[in-house]
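Here is the structure we will look at, set down as structure tokens.
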Amino acid sequence: MAKTPSFDKNGVKKGAWSEDEDNKLRAYIQRYGHWNWRLLPKFAGLSRSGKSCRLRWVNYLRPDVKHGNFTKEEEDLIVELHKKLGNKWSEMAAYLPGRSDNEIKNRWHTHLKKREKKDGDVLENEHVETIQPDQENAKENQMPAQNSNLEFLQDVESLLAESPSSSTKSCWFSGLDSVGSSDNIQQLANYTAPESFWTEPFLSDNDNIISSSDNLFLTSDFVYPVSCQDDMIMTDEFLWSSIDSYLEYNDQFIR
DNA sequence: AATGCAGTCAACCGCCACGTA
DNA sequence: CTACGTGGCGGTTGACTGCAT
Numbered sequence: 584m585a586k587t588p589s590f591d592k593n594g595v596k597k598g599a600w601s602e603d604e605d606n607k608l609r610a611y612i613q614r615y616g617h618w619n620w621r622l623l624p625k626f627a628g629l630s631r632s633g634k635s636c637r638l639r640w641v642n643y644l645r646p647d648v649k650h651g652n653f654t655k656e657e658e659d660l661i662v663e664l665h666k667k668l669g670n671k672w673s674e675m676a677a678y679l680p681g682r683s684d685n686e687i688k689n690r691w692h693t694h695l696k697k698r699e700k701k702d703g704d705v706l707e708n709e710h711v712e713t714i715q716p717d718q719e720n721a722k723e724n725q726m727p728a729q730n731s732n733l734e735f736l737q738d739v740e741s742l743l744a745e746s747p748s749s750s751t752k753s754c755w756f757s758g759l760d761s762v763g764s765s766d767n768i769q770q771l772a773n774y775t776a777p778e779s780f781w782t783e784p785f786l787s788d789n790d791n792i793i794s795s796s797d798n799l800f801l802t803s804d805f806v807y808p809v810s811c812q813d814d815m816i817m818t819d820e821f822l823w824s825s826i827d828s829y830l831e832y833n834d835q836f837i838r
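This is the structure we're talking about:
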């Protein structure tokens, strides 16, 4: 499927990645993070270009990357987003957790483009409008701009502070669409975390940070249940201690 | 069984935007 | 202001798979 491995004139390897190369790259990034893609292959012991390493990580090795067939919902969303955004694959990827821009692009070119053309022809014959302006606006409201993780948490923190209902906090994290009637509750329910919030483990040289149950935002134990299980309800204490840990931990690097 | 062809997807390439010296 | 380095994006390619003939 992938290209045959070969070496260019500078001794840089190209083509399909071996399991050994994957393991080296994964191990290096999990321990040190990707601080400089150009230098990374040298330190990780790989005869690859930085670009190739980045692509392999982003599209394949990241722990949150979904491998497998697209669901009907995902495909419908891609079609809708393509109507809205055009070929902005990376922007679309922000709305499809676990899917890379490359994967979305491939899916569009191999499947959805044809489906869309077919649907378009049918609709043209039936003289039906595919999307109403109001629906567009509604969609816009559900997809706020992505912030940095820290900005996102600060926004959430301030919204939660204004919330009269303690259950709001749990409901928001459980992924419910609507949890109340007041403005800030509604705003919170519509709020979208940056994808990296769930997926970036904030790696450092200290392995304890990855495995410590005290830093719940930093562990896969916490990140994955929240991002994958819609019906998970968290206690307020758990949520607040997690946010505090997260902000505290971030401060070490920001200051 | 052999061949051709369309579909699929991992990976590459060139370009651009942005930050920094 | 300019040059340079880096990361990221979108378009394209090439190898593999599966199906039809």
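Heads up: the first sequence at position 172 corresponds to 755 in this note's numbering, and the numbers run straight through without jumps.
In this text, a Cβ means the ideal position worked out from N, Cα and C, and glycines have one as well.
Spell out the partners DSSP gives lysine 596 in its beta bridges. Beta-bridge analysis with DSSP links lysine 596 to Phe590.
Endpoints, the alpha helix (DSSP H) within which tryptophan 672 is located: Counting along the chain, the alpha helix (DSSP H) containing tryptophan 672 begins and ends at 672-676.
Cβ-based neighbour list, phenylalanine 653, same chain, cut-off 7 Å, excluding 5 preceding and 5 following: Arg690
Apart from the five residues just before and just after glycine 628, which ones in its own chain have a Cβ nearer than 6 Å to its Cβ? Sequence-distant partners of glycine 628 (beyond 5 residues in either direction) whose C-beta falls short of 6 Å from its own C-beta, in its chain, are Lys607.
Measure the CB-CB distance between arginine 631 and proline 624 and report whether it falls below 8 Å. yes
Considering Cα atoms alone, identify which of Tyr643, Trp620, Asn619 and Arg621 is closest to tryptophan 600. Tyr643
By DSSP, does serine 825 sit in helix, in strand, or in coil? Note on serine 825: pLDDT 43, under 50, position unreliable in the model; the coordinate value appears next. Here serine 825 sits in helix by DSSP.
Local Cβ density within 10 Å of glutamate 602, reported as buried at 16 or more and exposed below that: Classification of glutamate 602: exposed, given that the 10 Å Cβ count is below 16.
CA-to-CA distance, alanine 585 to arginine 609, given in whole angstroms: 19 Å
Alpha carbon of asparagine 685 to alpha carbon of glutamate 674, nearest angstrom: 12 Å
Could you give the distance in angstroms between the alpha-carbon of histidine 692 and the alpha-carbon of alanine 677? 19 Å
Straight-line gap, tryptophan 672 to tryptophan 618 (C-alpha atoms, nearest Å): 24 Å
Using only the alpha-carbon positions, how far apart do valine 662 and arginine 682 sit? 15 Å
Can you have a look at glutamate 604 and say buried or exposed, based on whether 16 or more other CB atoms are within 10 angstroms of its CB? Buried, by the Cβ-count rule.
How long is the line joining the alpha carbons of threonine 587 and glycine 598, rounded to whole angstroms? 5 Å
Just to confirm, are tryptophan 620 and arginine 637 a CB contact at a threshold of 8 Å? A contact, by the Cβ cut-off of 8 Å.
Name the two residues that bound the continuous alpha helix (DSSP H) containing asparagine 685. Unbroken alpha helix (DSSP H) run through asparagine 685: 684-690.
In angstroms with no decimal places, state the Cα-to-Cα distance between glycine 651 and lysine 697. Rounded to the nearest whole angstrom, the CA to CA distance from glycine 651 to lysine 697 is 20 Å.
With a threshold of 7 Å on Cβ separation, who are the neighbours of valine 641 within its own chain once the five nearest residues in sequence on each side are excluded? Contacts found: Ser683.
Can you say whether serine 589 is buried or exposed, counting buried as having 16 or more other CB atoms within 10 angstroms of its CB? exposed
Helix, strand or coil for serine 635, going by three-state DSSP, please let me know. helix
Is it buried or exposed, leucine 622, if we count other Cβ atoms within 10 angstroms and call 16 or more buried? Exposed.
Give me the residue from Gly594, Lys596 and Leu695 with the minimum Cα distance to histidine 665. Leu695
Neighbourhood of leucine 668 by C-beta distance below 7 Å, restricted to the same chain and skipping five residues each side: Glu674 and Met675
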